[in-house]
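Just add 360 to the spot in the sequence shown (first one is 1) and you have this note's numbering.
Glycine is no exception: its CB is placed at the ideal position from the N, C-alpha and C atoms.
Comments concern the structure below.
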Amino acid sequence: MKIRTLFVAVGCAASTTAVARAQEATAPQSGLEEIVVTAQKRAENLQEVPISIVSLGNEKLTDLNIDRFTDVGFTVPGLRLSQHPTTPFSTRLFIRGIGNNDAQVTQDPAVGVYVDGVYVARSTGLAFDFGDAERVEVLRGPQGTLYGRNTTGGAINIVTRRPSGEAGADVELGYGTKDYFRALGRIEFPEFAGIASSLTAIYSERDGLVENAGPGKDFGENDRWGVRFVAAADLSDNLDVFFSFDHSLEHNTPFYYQAEDVLPGFEAFVPVAPKRVKRATLAAPVEQSRLRTDGLALTLTWQPSDTLTLKSITGYRAFNASAYADFSSNPVATLFRTNRQDTDHHQFSQEIQLLGSGFDDRLQYILGGYLFSEKADQTEDYDAGSFIISNRFIYAKNKAQALFANGTWAFSEQLKLTVGGRYSWDQRRATKDNIDFTLPDPATGMPPYPFVGNGDKNFSKFNPSANISWQPADDLNLYAKVVTGYRSGGFGTGAASKEDFERGFDEENLTSFEAGVKWQGWDRRLQFNSAFFYSKYKDILIDLAVLGAPQFVASFNAGRARIYGAELDLSLLPVEAIRFDLSYAYLNAKYTEVLDPQTGADVTDLFKFPNAPKNSFSITADAELTRIDDAPLHLILNYAWQDKVVTTAPYIERPGARIGAYGLLNGRLELKQLPLGAGTVDLALWGRNLTDKAYVIDSTGSFPWSTKIKAYGEPMTLGVEARLHF
């Protein structure tokens, strides 16, 4: 409550002392707005960019009740992005069915995340609240010839607000069910000595989703706060500097895993919960997880001529995390299974870009070089009742270098050809110290697994791409492209032996073919974008839990797959006061070959592609109901639905690893830009999961007492919100 009081006081002070900025009234434009993106490292109209991309601006994020990074996932079909149930400050990211379930420090992510051009190497810490996001761009498909790291699934580009140099302030206060509270304050300082700067602070908290009748905290609690400082300056007519610093601290508890069936012999100990529960009892105390993150970024942009720009992007990020999880689902002290993971991580990156044009602007090109290094120490305890099954210590040191180039040649104003290439070098070094502190469990006969393994692997790869686009009319853009993707190999932190760990795994490779159409019509009131793709995926990394020893996971390259699908985006403005947005993704992902790494036998029939919903869609309706004191009153409804998925590849051996299809309805009633003194205020009523749908966010099995252990998502949440702008 002290932090709440402080934020309210700061908000009131800012609202009374901030210098007012003039609010220019702009006449409503006819037709859909133009969306500008920087996916290709230069500002372009989204309709002219020959790739599959979705862009959510600041206003769209607000309209869809997207306060957190993880909220983006369910509103963008083809993107599966969710909090990790056991470590809610981490995320699971999948685009077109390609991604990572766990944030292993020895395994590269398949989806790259960038904040103002700086690559964020680990998904730990990505479940953050948006404070000053200007837009979020989701790029589907392999990336590499325009970005610092090479990814096979896609990339998410987060662009934050740049300080204007004019004095002003924004204050946001929100309250909702489960004692949800959110406060945000942003101050823009007047330009001083040619430097524009801003300071943003944010705090949010929420009570637990499931009451814990046993010792410790409730399940699903969280509180987080953060601060971000940004400074920008034009040091000369051709030199620009952008600097940012961010710091955040988060505490939360894991989601509750409940057993939906009980195996013989455990009926008297484990409660069966076929539906979402509101109250539970565990023997082990429910502990808080903690995360601290820090980041620095510096971007220098020098433009020696009208046709040449040199850019340097330097980034440093660090986090320290202590994560706790409990899978036991029961109050019996001798049966519980808990996991605690402590991670200390540091990363540094340096990217140089040379952007230019020539031949009377018929040629647009980018040349780049990239350096990256990271260090991580990770400790994990896996406890079972009164004894520790194992402790493991992971020490990882990774390096990456790359050279990349991308050039577009305009044969005419309508026909353009883009070719690109990237050469990557990756070095992976890791040590695993696996210690067993106990004798074998007499109940299970599980043996100890003590060993020390040291791994050192190097990888290199050249990845080309080509794209041709044709614009036969101003409102029509057709394109076709082929692009290759690569994800380096590494080591499995869950290896059960020295030999398995040091053997590691090799790189994955993907070739993707894509064709798309982008069209606007009806005086820019109707917009239709589509992309159709086919991908050949080989040397797929598969993580498989070791039978009889669930604390160990075998990681190996054993798979081939084909993935094809379509992505459709439609926007309609039938009248100025009503807008509809519809997005749909079809995904057909299937393993074509999986070989047992020990016997070489074909076990393809045992595997299904995880986290790849066959169908998913999102539909949004935005209607201006009336005007109050010239302020528009909007009603925004969004319904998003996704098909059933499996959560782990060997689905046949884990029938509980399945999440059924579900849809969520969200809504917002908002009065926008109501005059208030020298500024304006936005007032809103909002709701998430308005039908109170009981939906599963994670499902697993293969425990001694159950084959179906599930964690449920958030129930219906209602709230109010006020945003003041001065």
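Residue i, enclosing alpha helix (DSSP H) - first and last residue
i              : result
arginine 863   : 858–863
asparagine 418 : 418–423
Pick from the options that is closest to residue i, judged by C-alpha positions
i                 : options                            : result
tyrosine 846      : Pro502, Ser442, Gly438, Thr422     : Pro502
alanine 1038      : Ala493, Val409, Ala527             : Ala527
leucine 1146      : Phe1063, Lys1070, Glu1081, Asp594  : There is no way to answer for residue 1146, as the model of the chain reaches only from 361 to 1086.
arginine 987      : Ala1017, Pro1035, Gly391, Thr659   : Pro1035
serine 784        : Ser820, Ile795, Asn758             : Ser820
glycine 1023      : Asn1049, Ala1009, Glu1030, Thr1007 : Asn1049
glutamine 880     : Val478, Ile979, Leu406, Pro523     : Leu406
tyrosine 951      : Lys896, Ser829, Val473             : Lys896
serine 829        : Asn814, Asp860, Gly876             : Gly876
asparagine 572    : Glu565, Ala678, Glu581             : Glu581
asparagine 794    : Gly767, Asn1026, Tyr755            : Tyr755
valine 478        : Asp1052, Asp990, Thr674            : Thr674
leucine 1045      : Lys1053, Leu993, Glu1030, Thr1051  : Glu1030
proline 645       : Pro614, Tyr540, Pro448, Arg885     : Pro614
histidine 705     : Gly718, Gly716, Leu715, Ala736     : Ala736
phenylalanine 680 : Val465, Ser943, Ala983             : Here residue 680 is asparagine; the residue named in the question, phenylalanine, does not match the sequence. Cα-wise, what sits closest to asparagine 680 is Val465.
lysine 841        : Gly852, Ser825, Ala856, Gly850     : Ser825
serine 524        : Leu559, Lys1032, Glu862, Thr430    : Leu559
leucine 727       : Leu933, Pro469, Gln761, Ala765     : Ala765
aspartate 423     : Lys878, Leu836, Asn998             : Asn998
asparagine 917    : Ala463, Ala1009, Pro410            : Ala1009
aspartate 1042    : Gly485, Glu1081, Ala1021, Asn517   : Glu1081
serine 709        : Leu595, Leu660, Ala760             : Ala760
glycine 417       : Gln400, Arg402, Glu393             : Glu393
lysine 638        : Asp578, Ser665, Arg588, Leu599     : Asp578
serine 682        : Gln713, Thr667, Glu647             : Glu647
threonine 1115    : Arg920, Lys858, Asp720, Ala937     : Missing from the structure shown is residue 1115; the chain here goes from 361 to 1086 and no further.
arginine 521      : Ser483, Ser604, Thr430, Glu773     : Ser604
alanine 972       : Val397, Gly438, Val587, Ile1069    : Gly438
Span separating the alpha-carbon of residue i from that of residue j
i                 : j              : result
glutamate 497     : leucine 569    : 31 Å
leucine 1084      : glycine 491    : 14 Å
alanine 833       : glutamate 408  : 11 Å
isoleucine 555    : leucine 544    : 23 Å
glutamate 494     : serine 608     : 19 Å
alanine 593       : leucine 904    : 51 Å
tyrosine 676      : alanine 657    : 6 Å
proline 992       : glutamine 1033 : 8 Å
threonine 1067    : glutamate 548  : 54 Å
phenylalanine 747 : serine 649     : The predicted position of phenylalanine 747 is uncertain, since its pLDDT is 47 and thus under 50; a value taken from the coordinates is nonetheless stated next. Each residue's alpha carbon lies about 22 Å from the other.
aspartate 427     : serine 857     : 43 Å
phenylalanine 940 : serine 976     : 17 Å
proline 810       : lysine 817     : 23 Å
glutamine 774     : asparagine 598 : 31 Å
valine 432        : leucine 441    : 7 Å
glutamate 859     : alanine 481    : 27 Å
For residue i, the first and last residue of its enclosing beta strand (DSSP E)
i                 : result
lysine 359        : No statement about residue 359 is possible, as the shown extent of the chain runs from 361 to 1086 and does not include it.
threonine 1040    : 1039–1048
glutamate 868     : 868–881
proline 664       : 649–665
aspartate 982     : 975–988
serine 784        : 775–795
tryptophan 585    : 582–596
glutamate 494     : 493–500
alanine 1082      : 1077–1085
tryptophan 1001   : 991–1002
arginine 452      : 451–455
glutamate 565     : 555–566
phenylalanine 602 : 599–612
phenylalanine 940 : 938–954
Bridge-paired residues (DSSP) for residue i
i             : result
valine 1056   : Tyr1072
tyrosine 617  : Ala1071
glycine 854   : According to DSSP, which records beta bridges pairwise, glycine 854 is partnered with nothing at all.
proline 824   : Gly781
serine 717    : Gln724
histidine 444 : According to DSSP, which records beta bridges pairwise, histidine 444 is partnered with nothing at all.
Distance cut-off 7 Å: residue i Cβ against heavy atoms of the ligand HEM
i          : result
serine 943 : Of the ligands one can find in the structure shown there are none, so the ligand HEM has no counterpart to examine.
Checklist entry - Do three or more CB pairs link the region 502–518 to the region 846–862 at distances below 8 Å? => result yes
Next on the checklist: Does the region 885–892 come into contact with the region 921–931, if we say contact requires no fewer than three beta-carbon pairs (one atom in each stretch) closer than 8 Å?
Outcome noted: yes
Item to check | Sufficient close CB pairs (3 or more, under 8 Å) joining the region 447–457 to the region 959–968 | outcome: no
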